[in-house]
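Asks: Sharing a structure, written as structure tokens. Questions coming.
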Amino acid sequence: MNNVLEIKNYSKVYSGNKKAVDSLNLIVKAGEIHAFIGHNGAGKTTTIRAVVGIMDFDEGEILVNGHSVKGEPVKCKSMTAYIPDNPDLYDYITGIQYLNYMCDMFLVPAKERVSRIQKYADVLKLTDSLGNLISSYSHGMKQKLALVGAFMHSPHLFVLDEPFVGLDPEASFHLKKMMRELCDAGAAIFFSTHVLEVAEKLCDKVTIINNGKLIESGTMEEIKGSHSLEDVFMEVVENERQV
Amino acid sequence: MKGKYKYLLRMQLYNLFGINRLIHSCDKQEKQRSAIVAALGLAAIAILAIYITKFSNSMAKAGLGKALPTLMVVICSLTTLTLTFVKSTGALIGLKDYDMVMSMPVNTLSIVTSRVTLLYLINLIIGFIAMLPSSIIYIMYECPPICSCLFLVGALFLAPIIPMIISLSLGVLIVAVSSRSRHKNIFSLVLSTAAVLMIVFASAKTLSMDEAQITNLGVAMAETVNKFYPPAILFTNALLHNDWVCFVIFAAVSLLSGIAFVTIVSHYYKTLNTAVFSQYEKKDYKMGALKASSPFMALYKKEFHRLSSCTIYALNSCIGIVLLFVVASFTVFFMPPTLWQQVEVMGNMSAIQNIMPIALAIFVSMASTTAASLSLEGKNRWIMCSVPTQARTVYNSKIAVNLSVILPVLYVSTILIRIVIPCSLMQTILMFLIPTVYAFFISVLGIYLNIKFPKYDWTSEYYAVKGGAISVLATALGGMAGSLTPLYLCIIFPHYHMIIMLGITCLILLATLVIYHKVCQTQLYV
Chain C
1 MNNVLEIKNY SKVYSGNKKA VDSLNLIVKA GEIHAFIGHN GAGKTTTIRA
51 VVGIMDFDEG EILVNGHSVK GEPVKCKSMT AYIPDNPDLY DYITGIQYLN
101 YMCDMFLVPA KERVSRIQKY ADVLKLTDSL GNLISSYSHG MKQKLALVGA
151 FMHSPHLFVL DEPFVGLDPE ASFHLKKMMR ELCDAGAAIF FSTHVLEVAE
201 KLCDKVTIIN NGKLIESGTM EEIKGSHSLE DVFMEVVENE RQV
Chain P
244 MKGKYKYLLR MQLYNLFGIN RLIHSCDKQE KQRSAIVAAL GLAAIAILAI
294 YITKFSNSMA KAGLGKALPT LMVVICSLTT LTLTFVKSTG ALIGLKDYDM
344 VMSMPVNTLS IVTSRVTLLY LINLIIGFIA MLPSSIIYIM YECPPICSCL
394 FLVGALFLAP IIPMIISLSL GVLIVAVSSR SRHKNIFSLV LSTAAVLMIV
444 FASAKTLSMD EAQITNLGVA MAETVNKFYP PAILFTNALL HNDWVCFVIF
494 AAVSLLSGIA FVTIVSHYYK TLNTAVFSQY EKKDYKMGAL KASSPFMALY
544 KKEFHRLSSC TIYALNSCIG IVLLFVVASF TVFFMPPTLW QQVEVMGNMS
594 AIQNIMPIAL AIFVSMASTT AASLSLEGKN RWIMCSVPTQ ARTVYNSKIA
644 VNLSVILPVL YVSTILIRIV IPCSLMQTIL MFLIPTVYAF FISVLGIYLN
694 IKFPKYDWTS EYYAVKGGAI SVLATALGGM AGSLTPLYLC IIFPHYHMII
744 MLGITCLILL ATLVIYHKVC QTQLYV
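From first to last, the protein sequence lines are chains C and P.
Residue numbers for the first sequence follow my numbering, so the first one is 1 and each next one is one higher.
Residue numbers for the second sequence follow my numbering, so the first one is 244 and each next one is one higher.
Next up, the structure:
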């Protein structure tokens, strides 16, 4: 399986010489769901933002399907879908206008738009509300709309920052199913989460990050063995603290 | 109540001029940016203060010192009236932190008082710039008794209150009326534009005088003030006749109007915000065919949605061009023919014909949607940054919206003016050409300055469009400098007007190209 995402010696330094992320190396292969876990401020969002090309970085290289995020940002973005931890959307347009806008930006053929929107919006029970302004949506509905928008262009790499926050149980169930289907079709998913039970059940691989440094990375079985992911995470973080 | 009011006000002040960022940010670039913003703000204040000092000084030397305080009260009041109006809805009602603030154990009176106090403090700064230098010069030249000096100090603090309350009341009334409509944004925009035009024309009327009045400015001032702004006459009487009763009435009217406004709005605060935040909802959307567009067109359409959805943004950035259209229409349809004959007899027609291209450019320079367009992306900017398109396309779409707002209105207005004012072919071409160059200039300058000084962390669009938005202020100053300089030179050197206009327009064009080149090289990051 080819490497969809490669992070090589990625470092991000904020002013004051504080390294938010320090020489991170990571590979996400096609067909994999890869969880990225760590406590608040560990460097997860900083890494994710660099991967999707919305934040500049100083050292290292990030490749999407072999293309450099720094050198070919537009090419990389066209293969990537991104959902931030709190998807603030344009309040002044309707749901369908937002989806059509995303289709325009990702060059989704006009013929395929309706069927794709219908498919995902129906699953997430959003179709009836697509004619309303986004400002009238609840947090969960905005999350669902952002998800539908992200699925529109059949991305090769799906990057999500805390995707399950704000979703109702039914939508969470469907999202997990949609994520698995996307990976079965050859895409890769890289997502951060604090819900370790979800990561344990859903993911093929996991990476633990602490204070900007990679602590553990491997298949779920390699990392957790016979323990729960929560126990492993607590132990790893505690060990790091003592060091 | 007092303690919580203080905390609410302090929290708003933290975000006002970026002082808190300057003190606490660890990011060197951010600190530098805040320092530049502060320096530019102080420079603008210094320039205004110097201008007002010089103006006051010349008036005092011409023996018109007695008219100074009244004139400054009027200028301060009119400025407050106009500037507060565009803030009224966004700074008082419909703020993004409404839910958070209302969920705290604090009453609406404290909330409204803290919001109004913040506006008052902003207006106080404007008032001080307008009134303090002239008050000092008045004291130096006229040597008034000590009680007059006390009245002056009192007026510095009291003068902004009444116009501020009038503007805020008008704004709140428009919110209340338009919130009942399904198309509240458009409705609010139309009402607000009409109100601003009314204020501008009333201001022009108040400050206009005929030849006889100018020769006796002190009396003329009192008469016009009496006619259009009665509270100021109380202040004039207090100052010129040492009348304590008049001053006490002036102070009481100012303070009571403030208290009454705060009390009434506090009472309806929840109702008004509920109306603003409530949305027309239906749950019966049926999928139909969707029209595909290029990324540029998609961005362009989205920008237009943004402009029409935000009253403060549209009002603030398009008022110059609306004014141009109103002035042009007025010139064609309502200007008495005798006035034109008078202009011809006095030999002023050729001067008007010569400076007309630059006069049009001045209106164009007031219209920049681009100066706040990036800031207004706010928390949505992750979308703009993560979509697979060049940053240049994003900038171009924002520039295109500004040009779409300016150019059609400019050309229609130019045709209207051309109908009334007879011009040569060359003059007519310049009337179209020069303002067009300025339209490109102001659009590109706006986006460039917004890239340099973005303000994404706003709680209300008002703060991205006006309050502390250095990109908007700097673009306005740049536009004014670029258009007023050639006008000034054309008036001083009328024989060289063509060289001046063409030379400066070429420089503006060159600057536009250089700035655009820089803009295109800038990447977009969150």
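Where a beta carbon is used, it is the ideal one built from N, C-alpha and C, also for glycine.
#1: Tell me, please, which residues DSSP counts as bridged to threonine 207(C).
#2: Counting only beta-carbon separations shorter than 8 Å, does alanine 535(P) have a partner in chain C?
#3: Which residues in the same chain as tyrosine 759(P) place their Cβ atom closer than 7 Å to its Cβ, once the five residues preceding and following it in sequence are excluded?
#4: Can you tell which of Ile389(P), Met407(P) and Leu375(P) has its C-alpha closest to the C-alpha of alanine 398(P)?
#5: Relative to the alpha-carbon of asparagine 559(P), which residue among Leu730(P), Pro737(P) and Val715(P) has its alpha-carbon at the smallest distance?
#6: Helix, strand or coil for histidine 194(C), going by three-state DSSP, please let me know.
#7: Would the beta-carbon of isoleucine 215(C) fall within 8 Å of that of valine 236(C)?
#8: Using the beta-carbon of each residue, which ones in chain P are nearer than 7 Å to valine 74(C)?
#9: State the beta-bridge partners of glutamate 6(C) as determined by DSSP.
#10: One question on the structure: do tyrosine 681(P) and alanine 615(P) come within less than 8 Å of each other, judged by their Cβ atoms?
#11: Terminal residues of the continuous alpha helix (DSSP H) containing tyrosine 638(P)?
#12: Let me confirm a value: arginine 253(P) is counted as buried when at least 16 other C-beta atoms fall within 10 Å, else exposed. Which label applies?
#13: Does arginine 276(P) pass the burial test, meaning 16 or more other C-beta atoms within 10 Å, or should it be called exposed?
#14: Name the residue from Ser23(C), Lys18(C) and Asp22(C) whose alpha carbon lies nearest to the alpha carbon of cysteine 269(P).
#15: What residue ranges within the stretch 83-108 of chain C form continuous beta strand (DSSP E) runs of no fewer than 3 residues, ordered along the chain?
#16: DSSP puts valine 21(C) in a beta bridge; with which residues?
#17: For lysine 247(P), verify whether its CB is less than 7 Å away from any heavy atom of the ligand ADP.
#18: Applying a beta-carbon distance threshold of less than 8 Å, which residues of chain C neighbour valine 418(P)?
#19: Could you pull out every residue in the same chain whose Cβ sits closer than 6 Å to the Cβ of threonine 127(C), ignoring the five residues on either side in sequence?
#20: Within its chain, find whatever has a CB closer than 6 Å to the CB of threonine 458(P); leave out the 5 residues flanking it on each side and keep chain order.
#21: Nearest CA to the CA of valine 648(P): which residue from Ile562(P), Leu692(P) and Arg624(P)?
#22: Could you tell me if glutamate 454(P) is buried or exposed, where buried requires 16 or more neighbouring beta carbons within 10 angstroms of its beta carbon?
#23: Expressed to the nearest angstrom, what Euclidean distance is found between the alpha-carbon atoms of lysine 761(P) and leucine 367(P)?
#24: By the criterion of Cβ-Cβ separation under 8 Å, what are the contact partners of glutamine 143(C) in chain P?
#25: Going by DSSP, what residues sit across from serine 78(C) in a beta bridge?
#26: Going by C-alpha to C-alpha distance, which of Phe158(C), Val198(C), Leu157(C) and Glu238(C) sits closest to proline 169(C)?
#27: For isoleucine 290(P), which option in Gly308(P), Asn350(P), Ile372(P) and Val317(P) has the closest C-alpha, if you only look at C-alpha atoms?
#28: For the stretch 131-158 of chain C, enumerate the residues whose C-beta is nearer than 8 Å to any C-beta of chain D, in chain order.
#29: Is phenylalanine 173(C) close to chain P, meaning its C-beta is less than 8 Å from at least one C-beta of that chain?
#30: Taking the alpha-carbon of serine 346(P) as reference, which of Asn645(P), Leu251(P), Tyr294(P) and Ala402(P) has the nearest alpha-carbon?
#31: Tell me the rounded alpha-carbon separation between phenylalanine 151(C) and valine 569(P).
#32: So leucine 335(P) and valine 415(P) are supposed to be a Cβ contact under 8 Å. How far apart are they, rounded?
#33: In this structure, how does DSSP classify isoleucine 770(P) when only helix, strand and coil are distinguished?
#34: For the alpha helix (DSSP H) that contains leucine 124(C), what are its first and last residues?
#35: Counting pairs of beta carbons, one from the stretch 67-76 of chain C and one from the stretch 493-503 of chain P, are three or more of them closer than 8 Å?
#36: Please report the straight-line C-alpha distance between glycine 53(C) and leucine 124(C), rounded to a whole angstrom.
Replies: By the coordinates alone:
#1: Phe36(C) and Ser217(C)
#2: yes
#3: Val687
#4: Of Ile389(P), Met407(P) and Leu375(P), the smallest CA-CA separation from alanine 398(P) is found for Leu375(P).
#5: Val715(P)
#6: coil
#7: yes
#8: Pro631, Thr632 and Gln633
#9: Note: glutamate 6(C) sits in a beta bridge opposite Ile27(C) and Leu63(C).
#10: Taking 8 Å as the Cβ cut-off, tyrosine 681(P) and alanine 615(P) do not qualify as a contacting pair.
#11: Per DSSP, the unbroken alpha helix (DSSP H) holding tyrosine 638(P) starts and ends at 634-663.
#12: exposed
#13: buried
#14: Lys18(C)
#15: none
#16: Residue pairing by DSSP places valine 21(C) opposite Lys12(C) in a beta bridge.
#17: As presented, the structure is devoid of all ligands, the ligand ADP included, so that no description of it is given.
#18: Against valine 418(P), chain C offers no close residue; the least beta-carbon distance is about 16 Å (beta-carbon pairs closer than 8 Å).
#19: Ala121
#20: Legend: pLDDT at threonine 458(P) = 49, less than 50; position of this residue unreliable, value from coordinates given subsequently. Result list for threonine 458(P): empty, nothing under 6 Å.
#21: Among Ile562(P), Leu692(P) and Arg624(P), the Cα nearest to that of valine 648(P) belongs to Ile562(P).
#22: Because glutamate 454(P) carries a pLDDT of 47, less than 50, the predicted location of this residue cannot be relied on, and no value is offered for it.
#23: 38 Å
#24: The premise fails here: glutamine 143(C) is roughly 14 Å from chain P at the closest Cβ pair, so nothing lies under 8 Å.
#25: In DSSP, serine 78(C) forms no bridge with anything.
#26: Nearest option by C-alpha distance: Val198(C).
#27: Answer by Cα proximity: Ile372(P).
#28: Given the protein chain composition of this structure (C and P), no chain D is represented.
#29: Contact of phenylalanine 173(C) with chain P is not assigned, every C-beta pair being separated by 8 Å or more.
#30: The option with the nearest alpha carbon to serine 346(P) is Leu251(P).
#31: The alpha-carbon atoms of phenylalanine 151(C) and valine 569(P) are separated by roughly 48 Å.
#32: 7 Å
#33: Since the first and last residues shown for chain P are 244 and 769, residue 770(P) lies out of range.
#34: Careful: leucine 124(C) lies outside any alpha helix (DSSP H) and carries neither H nor E.
#35: No, they do not touch.
#36: 28 Å
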